[in-house]
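Down below is the structure, laid out as structure tokens.
Residue numbers (this note's numbering): 744 to 936.
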């Protein structure tokens, strides 16, 4: 089990960590492999040069956490609270994450590759140099987001909310057609046949 306010350096975890409390802890060059992270309580935790492989679980509290130079690969997660977090140079590969709350978070140089993100909340988040290659975003919320050099061209975006918050993002011409109804609704434009 993890402990709060603890420094973990170079450790490898492969245990059932469900229900652990690790708030305020620091993980440097650690590896999490196939861990059950259900109900993990780790707000204000720092992850540096840390990798998570095939972790799974629901009900994670990672609010106001800090992530730098990390890899998350093959994760299956649900109901993840990461609001107010800071992510820098983080790569998500082949992950399926439902109900990911990144409201008010800051993402810099973050990649989502071949991920399925359902009900992801980017409201009031600041994204810089973020990409979504081969990823599917279902019902994302972009309300009042701040985007700079964000590349959505490689993503399938379905049912977005707050599309005015996409200002500063790059989309393809085909995506513009798909987003047309949401943009029209947001701007109060009536569509006629």
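Backbone N, C-alpha and C define an ideal beta-carbon position, used for all residues, glycine too.
Predicted model, so just to flag it, every value in this text is computed and none were measured.
| query | Under the DSSP definition of a beta bridge, which residues are partnered with residue 752? | reply | Locating residue 752 in the chain shown gives position 9, where the first residue counts as 1. Note: residue 752 is bridge-paired with 771 in the DSSP secondary-structure output.
| field | As assigned by DSSP and simplified to three states, the class of residue 780 | value | Indexing the chain shown from 1 puts residue 780 at position 37. It is coil, neither helix nor strand.
| Burial state of residue 863, where buried means 16 or more other Cβ atoms lie within 10 Å | For the purposes of this step, residue 863 is taken as residue 120 along the chain shown, with counting starting at 1. Residue 863 comes out buried.
| query | Apart from the five residues on each side of it in sequence, which residues of its chain come closer than 8 Å, Cβ to Cβ, to residue 828? | reply | By 1-based counting over the chain shown, the position of residue 828 is 85. Once the five neighbours on either side are set aside, the close Cβ partners of residue 828 are 805, 806, 807, 808, 809, 810, 845, 848, 849.
| query | Are the beta-carbon atoms of residue 884 and residue 904 separated by less than 8 Å? | reply | Along the chain shown, one-based indexing puts residue 884 at 141. Along the chain shown, one-based indexing puts residue 904 at 161. Result yes, Cβ atoms of residue 884 and residue 904 sit closer than 8 Å.
| said: Assuming residue 761 and residue 745 are in contact, meaning their beta carbons sit under 8 Å apart, how far apart are those beta carbons, in whole angstroms? | reply: By 1-based counting over the chain shown, the position of residue 761 is 18. By 1-based counting over the chain shown, the position of residue 745 is 2. Not quite, the Cβ-Cβ distance comes to about 11 Å (not below 8 Å), so this is no contact.
| message | On the criterion of 16 or more Cβ atoms from any shown chain inside 10 Å, does residue 800 qualify as buried, or is it exposed? | response | Position 57 of the chain shown, counting from 1, holds the residue named residue 800. With 16 or more other Cβ atoms within 10 Å, it is buried.
| request: Between the Cα of residue 820 and those of 931, 830, 835, spot the shortest distance and give me the residue it belongs to. | output: Taking the first residue of the chain shown as 1, we reach residue 820 at position 77. The shortest Cα separation from residue 820 among 931, 830, 835 belongs to 835.
| The alpha helix (DSSP H) with residue 843 in it runs from where to where? | In the chain shown, counting from the first residue as 1, residue 843 sits at position 100. Note, residue 843: premise wrong, no alpha helix (DSSP H); beta strand (DSSP E) at 839-844.
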